Amino acid sequence: MEIQELERKLGGSLSQEERRDRLLCIAFIVYCEKQQDLSPTDTFDLSRLLEVIYEEHLRSLIQDAYMYTRNVNDPAMRRSLVDIYHLFHSYHENELLSCYWELYDQLVLGEKDYRLITEPNLCQLVSDTESFHEDEKVLDVNIGQGRFLLTLHEHHPDLQFFGYDLNNDDLLVARMSFYLEDMNVVILGSDFLKDPSTETYDFIFVNYPWQMNSSQPVLGHRYLQSKTPGYGAMIKAINSLSEQGVAICVSDDSFGSKAETVNLRQEIVDQHLLSGIMAMPKGTWKWTSRGYQLLRFSRSDVVHVVDARKGKKTKHRQSVLDLDAIKVMMNDSLAVKNKTIQENDYSFDVLTYLYKARLHLIHPTKLKDLCMVIKPIDLLPGKEACFKLTATDFDQGMIYEDQLKKDYCLISYRYTVDECDVVLSVNSEEVKAACLHDDTHYYVADEKLFILKMTSAKLLPDYLAIFLNSSQGQIAVKMQGAYTKRKLEEVEISVPSLEHQQAVIDRYEKLMDKRLKTMQTLYDIDLQLSALGEK
23 MEIQELERKL
33 GGSLSQEERR
43 DRLLCIAFIV
53 YCEKQQDLSP
63 TDTFDLSRLL
73 EVIYEEHLRS
83 LIQDAYMYTR
93 NVNDPAMRRS
103 LVDIYHLFHS
113 YHENELLSCY
123 WELYDQLVLG
133 EKDYRLITEP
143 NLCQLVSDTE
153 SFHEDEKVLD
163 VNIGQGRFLL
173 TLHEHHPDLQ
183 FFGYDLNNDD
193 LLVARMSFYL
203 EDMNVVILGS
213 DFLKDPSTET
223 YDFIFVNYPW
233 QMNSSQPVLG
243 HRYLQSKTPG
253 YGAMIKAINS
263 LSEQGVAICV
273 SDDSFGSKAE
283 TVNLRQEIVD
293 QHLLSGIMAM
303 PKGTWKWTSR
313 GYQLLRFSRS
323 DVVHVVDARK
333 GKKTKHRQSV
343 LDLDAIKVMM
353 NDSLAVKNKT
363 IQENDYSFDV
373 LTYLYKARLH
383 LIHPTKLKDL
393 CMVIKPIDLL
403 PGKEACFKLT
413 ATDFDQGMIY
423 EDQLKKDYCL
433 ISYRYTVDEC
443 DVVLSVNSEE
453 VKAACLHDDT
463 HYYVADEKLF
473 ILKMTSAKLL
483 PDYLAIFLNS
493 SQGQIAVKMQ
503 GAYTKRKLEE
513 VEISVPSLEH
523 QQAVIDRYEK
533 LMDKRLKTMQ
543 TLYDIDLQLS
553 ALGEK
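In the numbering used here, the protein residues as written are 23 to 557.
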């Protein structure tokens with residue numbers, strides 16, 4: 023039967039919204055028509071699926087559509103139904119049932135409990151960058167709606183697929199999708215952590231509900247008793263790998279630095295079980311804006327670290343992974359020995375290792391040994407006149423003193439910026455500093471800045487500002503994660519001889535003078551260009 027004819031029987035000329043609903047109905051009907059082929063253990067409750075997914079008007083659409091097809095058993099009719107499903111599939115950029123998932127998200131996932139929606143491009147990234155061989159056993163410890171296994175099957179159909187899922191509603195969706203794609207997926211149970219099986223797998227994907235509190239004891243490793251069972255899923259996945267097996271785990275990025283997880287990280291690294299860490303872009307982990315990592319587990323003497331935090335793009339007003347950009351970043355990965363990770367307190371922070379490889383200091387010295395670090399407070403209004411410095415008042419080491427506005431506050435002299443003090447702004451985007459050279463007015467600093475007051479004769483304040491603005495200074499501060507006074511005091515900087523420092527300052531002043539003259543020339547040219555049309 024022609025697709026157009028079947029569409030006509032199902033409702034004639036359809037709007038885009040109606041077409042979407044009807045095609046979804048047909049996809050379910052395909053499953054319903056063939057469900058008698060399922061084994062006794064693969065029971066499927068269609069009414070429960072409809073109850074979960076559809077509001078009343080959508081249920082009625084399915085009932086109407088089913089009236090036309092319930093008694094049609096010929097192969098040609100079934101092929102037409104499948105063709106329409108694939109037509110629907112192709113309309114949505116080859117994301118299997120993407121439109122259906124979007125609808126499912128809107129109607130069902132309000133509570134978000136036990137559900138982590140794996141970003142489609144993340145599934146594609148794993149499929150594209152990992153090696154798979156025929157008949158290898160692949161396990162998804164939390165199938166959800168089936169995206170990862172569906173993506174993998176599309177590119178590697180000769181694998182053996184296994185999985186668990188905590189949520190029966192999601193599992194209904196996954197079963198339908200697997201059936202429509204002619205996939206044989208063995209559902210092993212609901213909770214990976216509570217299954218005593220010792221079966222091993224060649225590849226395991228872990229995107230487990232990290233923040234779900236487990237109300238019952240779980241089996242196996244001591245870490246499975248954690249209130250954050252994602253750690254348990256991680257360690258059980260590692261223990262379930264074959265000799266040459268690989269596990270990819272989606273992990274909250276705080277796992278790599280939290281004191282309470284250091285013993286688990288130590289166990290992983292000391293046994294040479296970690297082979298890769300990739301820092302992922304914020305905003306691409308569904309339902310959260312938190313940062314996250316991909317941890318790759320396999321037996322290895324080195325760990326490849328990748329900074330993919332900028333590997334995202336906007337699609338339909340949402341942040342998604344930019345696969346092309348991330349693959350380029352993966353080519354720039356840094357191989358770190360396990361011993362190096364041990365020496366850095368078993369940190370899984372990729373920036374620690376990437377920055378250290380690029381940091382080259384002369385006579386490295388901590389800031390706390392060279393100056394006093396002061397974190398200003400928000401000063402109360404008062405009668406004393408002063409100029410308040412903010413991060414927008416300086417750039418490239420220069421304070422725009424002619425643009426500062428006079429303020430009146432109750433001055434605390436501990437927080438004033440004196441001549442030869444350095445003001446410092448630190449955020450996730452940039453680090454910038456400037457040295458004050460005015461002693462004729464009172465200056466105070468915004469509470470978001472730091473004040474550095476020299477305590478050592480080994481360091482010239484102008485050189486300190488120049489160093490902190492340099493690429494080496496940016497790396498030194500960001501590597502330490504110096505967003506607090508305590509962290510900033512631990513930052514190491516270059517302290518060459520005073521002669522060398524003065525030479526750097528002289529060179530800086532010449533370059534800045536040249537820069538200002540160039541900017542003035544460009545400004546004059548712009549004025550001349552704008553005046554070309556005048557008489």
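C-beta atoms are modelled at their ideal positions from N, C-alpha and C, and glycine is treated no differently. Owing to the predicted nature of the structure, the values given are computational and were not obtained by experimental measurement.
- One thing to note: M534 has its Cβ no nearer than 7 Å to the Cβ of T477.
- Note that the C-beta distance between K337 and D344 is not below 7 Å.
- Between the C-alpha atoms of M205 and D180 there is a straight-line separation of about 10 Å.
- Beta-bridge partners assigned by DSSP to R318: I270, G298.
- Taking 7 Å as the cut-off, the Cβ atoms of V327 and I299 count as close.
- The way I'd put it, the stretch 423 to 441 doesn't touch the stretch 368 to 382; fewer than three beta-carbon pairs between them come closer than 8 Å.
- Spatial neighbours of E156 in its own chain (CB-CB distance under 6 Å, excluding positions within 5 residues in sequence) are listed in chain order as D180.
- Cβ neighbours of T387 within its own chain (closer than 6 Å, five residues either side excluded): V517.
- Apart from the 5 residues on each side of it in sequence, F200 sits with its Cβ closer than 7 Å to the Cβ of G168, V207 in its chain, given in chain order.
- For Y545, the enclosing alpha helix (DSSP H) begins and ends at 520 to 552.
- Y485: member of the alpha helix (DSSP H) spanning 483 to 491, first to last residue.
- Taking Y437 as the centre and dropping the five residues before and after it, the same chain places the C-beta of I396, P398, I399, L401, V466, A467, I473 closer than 8 Å to its C-beta, in chain order.
- Pairing S153 with L458, the inter-Cα distance amounts to about 57 Å.
- For C431, the enclosing beta strand (DSSP E) has its first and last residue at 428 to 431.
- Of the candidates T362, K361, N366, L356, the residue whose Cα lies closest to the Cα of R380 is L356.
- The three-state secondary structure of Q167, taken from DSSP, is coil.
- Three or more pairs of CB atoms, one per stretch, sit closer than 8 Å, so the stretch 140 to 152 contacts the stretch 160 to 178.
- Of L161, W307, A456, V526, the smallest CA-CA separation from G211 is found for L161.
- E203 sits buried, since 16 or more C-beta atoms from the chains shown fall within 10 Å of its C-beta.
- Taking one beta carbon from each stretch, the stretch 405 to 416 and the stretch 535 to 555 have fewer than 3 pairs nearer than 8 Å; the two do not touch.
- The C-alpha of F184 is placed about 6 Å away from the C-alpha of I209.
- Unbroken beta strand (DSSP E) stretches of 3 residues or longer found wholly inside the stretch 404 to 475: 428 to 431, 444 to 448, 453 to 457, 465 to 467, given in chain order.
- Counting along the chain, A379 sits inside no beta strand (DSSP E); it lies in the alpha helix (DSSP H) bounded by residues 372 to 380.
- The alpha carbon of Q315 has as its nearest neighbour, out of D274, L215, T283, the alpha carbon of D274.
- Secondary structure of Q364 (DSSP, three-state): helix.
- Taking C-beta atoms under 8 Å as the contact rule, F489 and I515 qualify, at a distance of about 6 Å.
- In this structure, A455 sits away from V448, with a CB-CB distance that is not shorter than 7 Å.
- Following the DSSP letters along the chain, one finds D150 in no beta strand (DSSP E) but inside the alpha helix (DSSP H) bounded by residues 142 to 151.
- The bridge partners DSSP lists for G278 come to none.
- Taking C-alpha positions only, G495 is separated from V325 by approximately 26 Å.
- For D187, the three-state secondary structure derived from DSSP is coil.
- Just so you know, the alpha carbons of H178 and L215 end up roughly 27 Å apart.
- For L210, there is no enclosing alpha helix (DSSP H); the enclosing beta strand (DSSP E) covers residues 207 to 211.
- The straight-line gap separating the alpha-carbon atoms of C442 and L471 is approximately 16 Å.
- Judged by DSSP secondary structure, Q340 falls within the beta strand (DSSP E) whose first and last residues are 340 to 343.
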